[in-house]
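K.L.:
My numbering puts the first residue of the sequence shown at 267, with every later residue one more than the last.
Can you keep this structure in mind? I'll have questions shortly.
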Amino acid sequence: MKISTKGRYALRMLLDLAEHRSEDYIALKDIAERQGVSKKYLEQIIPILNKSDILKANRGYQGGYMLAKEPDQYTVGMILRLTEGDLAPVACANQEPVDCPRSADCPTLPVWKGLYRVINEYLDSVTLQDLIDNQRRQYGNDYTI
């Protein structure tokens with residue numbers, strides 16, 4: 267399984283919004299600059315996130331985006347499923363019943379189902395707030411003047 271650029275950038279964008287959340291909306295150009303990502307690419311990701319009510323958007327002079335909920339309400343799994351679709355390592359891992367003529371005798375099916383379960387459990391256990399907290403612990407109050 268490989269996460270696409272779209273999935274990685276969506277996660278980075280939402281993490282940026284979580285780190286810089288305040289009362290104000292954040293302009294997409296500011297997120298793009300901080301993340302070193304093309305604004306045009308982020309503009310392609312926005313509709314996916316808007317459809318799922320993850321973001322609040324405001325147009326105009328003070329326009330931009332903010333998270334609709336607190337960062338601890340967004341899991342990495344939720345974000346990646348929006349951008350990547352299902353996270354199954356193989357097509358049969360997420361099927362119930364499995365739509366494969368070999369499934370009754372397939373010795374590898376339990377491996378794929380187990381991997382799928384572990385992927386989902388792990389990604390659903392990590393929130394944007396967890397990522398922020400981990401980064402703060404790692405870098406602490408390392409200020410340079």
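All C-beta atoms, glycine included, are put in the ideal place defined by N, C-alpha and C.
1) Quick one: using the 10 Å Cβ neighbour count with 16 as the cut-off for buried, is V303 buried or exposed?
2) Unbroken alpha helix (DSSP H) runs of length 4 or more, entirely within the stretch 275 to 351: which are they?
3) Please state whether DSSP places T374 in a helix, a strand or coil.
4) Could you tell me how far apart the beta carbons of L381 and L348 are, in whole angstroms, since I believe they sit closer than 8 Å?
5) Do you know how far the Cα of R368 is from the Cα of L333?
6) Tell me which residue opens and which closes the alpha helix (DSSP H) that R403 is part of.
7) For the structure I just gave you, are there three or more beta carbon pairs, one from the stretch 306 to 321 and one from the stretch 352 to 363, closer than 8 Å?
8) From R278 to K335, what distance separates their C-alpha atoms?
9) Going by C-alpha distance, which of Y291, R403, A354 and I345 is nearest K379?
10) How about L281 and L394: do their beta carbons lie closer than 8 Å?
11) For V384, does the three-state DSSP call read helix, strand or coil?
12) Identify which residue in Y331, C372, L346 and K272 has its Cα closest to the Cα of E285.
13) Quick one: grab the DSSP three-state call for A354.
14) For I345, which residues in the same chain have their Cβ closer than 7 Å to its Cβ, ignoring the five residues on either side in sequence?
P.N.:
In this structure, then:
1) Within the sequence shown, numbered from 1, the residue matching residue 303 stands at position 37. Buried: at least 16 other Cβ atoms inside 10 Å.
2) 294 to 301, 305 to 317 and 342 to 350
3) Here residue 374 refers to the residue found at position 108 of the sequence shown. Correct three-state label for T374: coil.
4) Within the sequence shown, numbered from 1, the residue matching residue 381 stands at position 115. Within the sequence shown, numbered from 1, the residue matching residue 348 stands at position 82. Not a contact, Cβ separation roughly 21 Å.
5) Taking the first residue of the sequence shown as 1, we reach residue 333 at position 67. Taking the first residue of the sequence shown as 1, we reach residue 368 at position 102. Take the alpha-carbon of L333 and the one of R368: they are about 45 Å apart.
6) Sequence index remark: in the sequence shown, residue 403 carries index 137 (1-based). That run of the alpha helix (DSSP H) goes L394 to Y405.
7) Cβ pair count under 8 Å is below three, so no.
8) The sequence position of residue 278 within the sequence shown is 12, counting from 1. The sequence position of residue 335 within the sequence shown is 69, counting from 1. Between R278 and K335, the C-alpha separation is close to 17 Å.
9) In the sequence shown, residue 379 corresponds to position 113, counting from 1. Comparing Cα positions, the closest option is A354.
10) Along the sequence shown, one-based indexing puts residue 281 at 15. Along the sequence shown, one-based indexing puts residue 394 at 128. A contact, by the Cβ cut-off of 8 Å.
11) Within the sequence shown, numbered from 1, the residue matching residue 384 stands at position 118. Of the three classes helix, strand and coil, the one that applies to V384 here is helix, per DSSP.
12) In the sequence shown, the residue the question calls residue 285 occupies position 19. Out of Y331, C372, L346 and K272, Y331 has the C-alpha closest to the C-alpha of E285.
13) Residue numbering aside, residue 354 sits at position 88 when the sequence shown is read from its first letter. In the structure shown, A354 sits in coil (DSSP, three-state: anything other than H, G, I, E or B).
14) Reading the sequence shown from its first residue, position 79 is the one you call residue 345. Correct list, in chain order: A276, L277 and L280.
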